[in-house]
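Here is the structure we will look at, set down as structure tokens.
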Amino acid sequence: MTDHIRTPGEFVFQKTLKNSIHCSGVGLHSGAKINMTLLPAPANTGVVFRRVDIQGGHNEVKASWENAIETPLCTTLVGKDGLKIATTEHLMSALAGYEIDNVIVELNGAEVPVMDGSAAPFVFLIECAGTVEQDTPRRALRILKHVETAESHRSASMAPGKGFSINFEIDFDSRAVGRQEWFVEMSQTAFKREVSRARTFGFLQEFDKLLELGLARGGSLDNAVVISGDTVMNEGGLRYDDEFVRHKVLDSIGDLYLIGGPIIGHFHGVRAGHALTLRLIKTLFAQENAWEWVDMTHGDLMTPPLAAPVRLQPAVAAQA
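The working numbering numbers the first residue of the sequence shown as -6 and each following residue consecutively.
Okay, here's the thing in structure tokens:
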């Protein structure tokens, strides 16, 4: 995700934060007060979450699809001895949008703070901390052929493409949301202006059920767009006319960053959630001829390969 054209032979280096930075907030689902610190990390570290409230080792987990599990309404990472970090997607989206390859995320609890329900507060933290290039080139996952997973009326797919682009479709009965579709070619500028401020959303009539499931205990009008029937309850209204589908794009960017680097390809989601995106990643990596890791050293890597689309049979699984 860059804002200029790569020229052949130009290296694209890994980045980390220049300084550490701290914030506090509430966990969207746990309702707990969480302190979070972002720290610089050496090249090839990746994104690593560290639970400072756990002593005696085994308190770290890497942000990787291999450590992710399917949980309702959020993305959760699981490490050794049952270590868990929930609701990683908004922070991961900001790290992806700002090309942060290496960072330690310290938390004193099991959930990333939700802040205002978008990625904008994390963008602010990254900009305040500053970034620094490292001596190691980035590598990207280049998509070589079409891969898809689907269930009922939901689907998620990856296809060859130039750069990284996303198209997402949603459809809700509420007239406050309705049917929305949005496409974006990603860059740092596009992420900040067009994606980062889109907030998570939920329906008032589902709130009691979520509480019974142990979810949304920290949810409020301060950190989510709340819909009652056909009405948005938030006093300030929406930040974008199509804020709902833009937030789904935001979530997808964060979940896809669990791949371990930027993507050269196109993602298409139709009513897809966290679980279906994770299944797509697993399906993708199971087909070794569908992808390749490439050092981002040549501009011609942004030219999509020629490959015949391969469509998989829909998976039978629970809803995302």
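The C-beta atom is built at its ideal place from N, Cα and C for all residues, glycine as well.
Margin query: For Glu199, tell me which candidate among Val219, Lys185, Arg186 and Arg190 has the shortest Cα-Cα distance.
Written below: Here residue 199 corresponds to residue number 206 of the sequence shown, with the count starting at 1. Selected option, being the one with the closest Cα: Val219.
Note to self: At 3 residues or longer, what runs of the beta strand (DSSP E) sit wholly inside the stretch 215 to 260?
What the structure shows: Segments of the beta strand (DSSP E) lying fully in the stretch 215 to 260: 218 to 221.
Next item on the list: Just mark Cys67 as buried or exposed, buried being the case when its beta carbon has 16 or more other beta carbons within 10 Å.
Entry: On the sequence shown, residue 67 is found 74 positions in, with the first residue counted as 1. Buried.
Check: For Ser111, does the count of other Cβ atoms within 10 angstroms reach 16, so buried, or fall short, so exposed?
Finding: Residue numbering aside, residue 111 sits at position 118 when the sequence shown is read from its first letter. It is buried - the Cβ of Ser111 has at least 16 other Cβ atoms within 10 Å.
Item checked: 6 Å CB neighbourhood of Asp74 in its chain, flanking five on each side removed -> Counted from its first residue, the sequence shown places residue 74 at position 81. Excluding residues within five positions, the ones whose Cβ falls inside 6 Å are His51.
Notebook entry, point to check: Exposed or buried, Asp234, counting other C-beta atoms within 10 Å across all chains shown (16 or more means buried)?
Noted result: Here residue 234 is taken as the residue at index 241 of the sequence shown, counted from 1. Its Cβ having fewer than 16 others within 10 Å, Asp234 is exposed.
Notebook entry, point to check: Which first and last residues belong to the alpha helix (DSSP H) in which Ile119 is found?
Noted result: Here the question's residue 119 lines up with position 126 in the sequence shown. Run containing Ile119: Ala113 to Ala122, per the alpha helix (DSSP H) assignment.
Item checked: CB contact flag (Thr89, Ile257, <9 Å) -> The residue labelled residue 89 in the question sits at position 96 within the sequence shown. The residue labelled residue 257 in the question sits at position 264 within the sequence shown. Per the sequence shown, the amino acid found at residue 89 is Ala instead of Thr. No, they are not a contact pair.
Checklist line | From Val45, Ala283, Trp286 and Ala113, residue whose alpha carbon lies closest to that of Gln181 | finding: Here residue 181 corresponds to residue number 188 of the sequence shown, with the count starting at 1. Of the listed residues, the one whose Cα sits closest to Gln181 is Ala113.
Next item on the list: Give the range of the beta strand (DSSP E) segment to which Ser158 is assigned.
Entry: What you label residue 158 is simply residue 165 of the sequence shown in a count that begins at 1. Where Ser158 is concerned, the enclosing beta strand (DSSP E) stretches over Phe157 to Asp164.
Check: Taking the runs of the beta strand (DSSP E) that are 3 residues or longer, which of them lie wholly in the stretch 55 to 114?
Finding: 61 to 64, 67 to 71, 77 to 79 and 96 to 100
Notebook entry, point to check: Hey, would you say Ser150 sits closer than 9 Å to Phe278, going by beta carbons?
Noted result: Taking the first residue of the sequence shown as position 1, residue 150 is located at position 157. Taking the first residue of the sequence shown as position 1, residue 278 is located at position 285. No, they are not a contact pair.
Note to self: Quick check: the Cα distance between Arg192 and His146, rounded to an integer number of angstroms?
What the structure shows: In the sequence shown, residue 192 corresponds to position 199, counting from 1. In the sequence shown, residue 146 corresponds to position 153, counting from 1. Rounded to the nearest angstrom, the two C-alpha atoms are 24 Å apart.
Checklist line | Assigned exposure category for Thr9 - 16 Cβ within 10 Å defines buried | finding: The count along the sequence shown starts at 1 and reaches residue 9 at position 16. With 16 or more Cβ atoms within 10 Å of its Cβ, Thr9 is classed as buried.
Next item on the list: Mind checking which residues open and close the alpha helix (DSSP H) that includes Asp201?
Entry: Locating residue 201 in the sequence shown gives position 208, counting from the first residue. Segment Phe200 to Glu205, the alpha helix (DSSP H) holding Asp201.
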